[in-house]
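S.K.: Here it is, the structure, as structure tokens.
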Amino acid sequence: MSKANILIVDDEKEIAELIEIYLSGEGYQIYCAYNAADALNLLEQHSIHLAILDIMMPGMNGLDLCRKIRETNNMPIIFLSAKTTDLDKIFGLNTGADDYITKPFNPLELTARVKSQLRRYTELNPSSTFHGLSDEICCHGLIINKSTHKVTLGEEEIRLTPLEFDILYLLASNPGKVFSTSDIFQKVWNERVYEANNTVMVHIRRLRSKIHDEDRTNKIIITVWGVGYKIEK
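If you read the sequence shown in our numbering, its first letter stands for residue 159, the second for the next number, and so on.
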């Protein structure tokens, strides 16, 4: 993808314009909205590849906007918020976001995280963890296709975000191997550890819910207490 389309949604116009300056300098096409209603209109009019959402906005807030987007779109979503507690971050990730950055923020860090999310989303630079592996893995009734990012369970297609897919593929492609939260963060996020424990746990919880693991006696994703997570053959 030579030019990704990025949607910035923030009721503080100065912040949106600052982000636009940095990201447009990287060659991205930027669309700005200052409320959720305008953001939804832009999503209907353009093919958006990544969204950066403020949480505290008048009318529909960023959390509700994220939920709305997730009804039809699995593109990466980054929250950029003045809400800074761990509970705020966990709640934001549980809502469906892929990353959470607090204000005040470093524009260079935000740019780096945008690039990281887009690399994963477009599959132009997949993690070396997945090199040389079959495109399709079958385990416990799941069919996981790396090329199409499609996951099915029986007749049901499971809609996963790019991060959720990469976590599932990492575990399924290394049957029996236990990955700590730090291991998963470094291999999937492809970054140095940054609050890995809470972030990974939230994504694992969402992933388990989507693959109906909570209803199973024999779990697909197994927790090895005090160590990490694995998927057996």
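Yeah, the Cβ is synthetic: ideal placement off N, Cα and C, and Gly gets one too.
Give a yes or no on contact between the segment 194 to 211 and the segment 227 to 239, applying the rule of three or more CB pairs nearer than 8 Å.
M.R.: In short, these stretches touch, since the Cβ pair count reaches three.
S.K.: Just to confirm, are residue 320 and residue 389 a CB contact at a threshold of 7 Å?
M.R.: No.
S.K.: Three or more C-beta pairs closer than 8 Å, one from the segment 296 to 307 and one from the segment 321 to 330: is that the case here?
M.R.: Touching, yes.
S.K.: From the DSSP output, in three-state form, read off residue 239 for me.
M.R.: Residue 239 falls in the strand class under three-state DSSP.
S.K.: Tell me whether residue 275 is buried or exposed, calling it buried when 16 or more other Cβ atoms sit within 10 Å of its Cβ.
M.R.: Buried.
S.K.: What does the alpha-carbon distance come out to for the pair residue 223 and residue 244?
M.R.: Residue 223 and residue 244: Cα-Cα distance of roughly 21 Å.
S.K.: Could you pull the start and end residues of the alpha helix (DSSP H) that residue 391 belongs to?
M.R.: That residue, residue 391, is in no alpha helix (DSSP H); it is neither H nor E in DSSP.
S.K.: Let me check understanding here. Comparing Cα to Cα, which of 391, 268 and 225 lies closest to residue 164?
M.R.: Checked all of 391, 268 and 225; the closest Cα to residue 164 is 268.
S.K.: With DSSP collapsed to three states, give me the class of residue 189.
M.R.: DSSP places residue 189 in strand when its eight states are reduced to three.
S.K.: Is the distance from the Cβ of residue 227 to the Cβ of residue 356 below 7 Å?
M.R.: Against a cut-off of 7 Å, the Cβ pair of residue 356 and residue 227 comes out as no contact.
S.K.: Short check: CB of residue 166 to CB of residue 190, under 7 Å?
M.R.: Yes.
S.K.: Determine the extent of the beta strand (DSSP E) in which residue 209 is found, giving its start and end residues.
M.R.: Counting along the chain, the beta strand (DSSP E) containing residue 209 begins and ends at 208 to 211.
S.K.: Taking all protein chains shown into account, decide if residue 179 is buried (16 or more other Cβ within 10 angstroms of its Cβ) or exposed.
M.R.: Classification for residue 179: exposed.
S.K.: Can you list, in chain order, the stretches of the alpha helix (DSSP H) that have 4 or more residues and sit fully within the segment 243 to 329?
M.R.: Listed in chain order, they are 244 to 253 and 265 to 280.
S.K.: Could you give the distance in angstroms between the alpha-carbon of residue 291 and the alpha-carbon of residue 265?
M.R.: Note that residue 291 scores a pLDDT of 38, beneath 50, so its modelled location is shaky; the value from the coordinates is reported in the next line. The straight-line gap from Cα to Cα measures roughly 36 Å.
S.K.: If we ignore side chains and look at the alpha-carbon of each, how far apart do residue 376 and residue 347 end up?
M.R.: Cα to Cα, the separation comes out at about 28 Å.
S.K.: What residue from 296, 172 and 187 has the CA that sits closest to residue 262's CA?
M.R.: The shortest C-alpha separation from residue 262 is found at 172.
S.K.: Thinking just about the alpha-carbon of each residue, which of 344, 340, 251 and 271 is nearest to the one in residue 364?
M.R.: Out of 344, 340, 251 and 271, 251 has the C-alpha closest to the C-alpha of residue 364.
S.K.: So the alpha helix (DSSP H) residue 339 belongs to, where does it begin and stop?
M.R.: Unbroken alpha helix (DSSP H) run through residue 339: 339 to 342.
S.K.: Which residue from 258, 327 and 370 puts its Cα closest to that of residue 295?
M.R.: Minimum Cα distance to residue 295 is reached at 327.
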